[in-house]
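Engineer:
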Amino acid sequence: MSIVIYIATAINSFLFLLTKHPLFLRSSGTGTEIGAFFTFFTLVTGVFWGKPMWGTFWVWDARLTSVLILFFIYLGALCFQKLSVELASILICVGLIDIPIIKFSVNWWNTLHQPGSISRSGTSIHVSMLIPILSNFANFLLFTCIFFVLETRLLILSFLESSLTEEIEAREGACALVHSEQGLNKVQLKLDRPTR
1 MSIVIYIATA INSFLFLLTK HPLFLRSSGT GTEIGAFFTF FTLVTGVFWG
51 KPMWGTFWVW DARLTSVLIL FFIYLGALCF QKLSVELASI LICVGLIDIP
101 IIKFSVNWWN TLHQPGSISR SGTSIHVSML IPILSNFANF LLFTCIFFVL
151 ETRLLILSFL ESSLTEEIEA REGACALVHS EQGLNKVQLK LDRPTR
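Here the sequence shown is numbered in the UniProt record's numbering, starting from 1 and rising by one per residue.
In structure tokens form, the structure reads like this:
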């Protein structure tokens, strides 16, 4: 799931670099936060799965290491968003190099992970396991999409609120200036009148 989110985040980052539209920036930021959460969740649950399966919590396996690098890319992008959104977007786009490494590492190197269980030629998973796996993937994808849309909507609304607040403050300042100028004009008129 973190890979799917990363690809969507990279697309939004690339579109932000091209257009500088704040919607792409906000979508990229949301994707970075959600993706970092899913990657962290993957690493933590993998550690607990690895202990009974491999006899240790962590092995510097190609897939594990490349997923850890993906997590560090997410964290770097989150940190860079505070400094420079362009730099964070560039980091996300460059980090796309890690995605094929994660996907194909089990085929390129001799690792503890088994090769891909689902491929174009078929599946090596029994149907009794395949259906729950696909169901979980669909549910997590739906959850992610809903969370992504809600978070992006919240960010857009906060952006609109801040821009409306700035506009209201600017108009109130202009009204106060007009009222003070009118008050000065009235005072000036009173001063200009001859006294009897």
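Note that CB positions come from ideal geometry on N, CA and C, so glycine has one too. Note that the structure is predicted; figures quoted are calculated from it, not measured.
(1) Counting only the same chain and skipping the five closest in sequence on each side, list residues whose C-beta sits under 8 Å from that of Glu33.
(2) Which residue wins for smallest C-alpha separation from Glu86, given the options Thr30, Leu25, Ala62, Leu130?
(3) Cutting at 7 Å between CB atoms, please list the residues of its own chain near Arg63, excluding the five before and the five after it.
(4) Please state whether the Cβ-Cβ distance between Thr89 and Thr42 is less than 7 Å.
(5) Among the residues of its own chain, which have a CB less than 7 Å from the CB of Phe147, if the five just before and after it don't count?
(6) Return the CA-CA distance between Leu17 and Gly55, expressed in angstroms with no decimal places.
(7) Could you give the first and the last residue of the continuous alpha helix (DSSP H) run that contains residue 197?
(8) Please work out which residues of its chain come closer than 7 Å, Cβ to Cβ, to Thr39, disregarding the five sequence neighbours upstream and downstream, and give them in chain order.
(9) Tell me where the alpha helix (DSSP H) around Asp98 begins and ends.
(10) Is Val67 helix, strand or coil when you go by DSSP?
(11) In whole angstroms, what separates the C-alpha of Phe37 from that of Glu166?
(12) Taking the C-alpha atoms as reference points, what is the distance between Thr144 and Leu23?
(13) Once you ignore the five residues that flank Ser27 on each side, which residues in its own chain have a CB closer than 7 Å to its CB?
(14) Would you kindly work out how many angstroms separate the C-alpha atoms of Ile131 and Gly76, rounded to a whole number?
Structural biologist: Inspection of the coordinates gives the following:
(1) Leu78, Glu151
(2) Leu25
(3) Ile102, Ser105, Val106, Thr111, His113
(4) As written in the sequence, residue 89 is Ser, which differs from the Thr given in the question. Not in contact: Ser89 and Thr42 (Cβ atoms no closer than 7 Å).
(5) Ile34
(6) 45 Å
(7) No information on residue 197 is available, as it lies outside the stretch 1 to 196 that the chain covers here.
(8) Ser2, Val67, Leu70, Phe71, Tyr74
(9) 98 to 108
(10) helix
(11) 33 Å
(12) 18 Å
(13) Asn12, Thr152
(14) 36 Å
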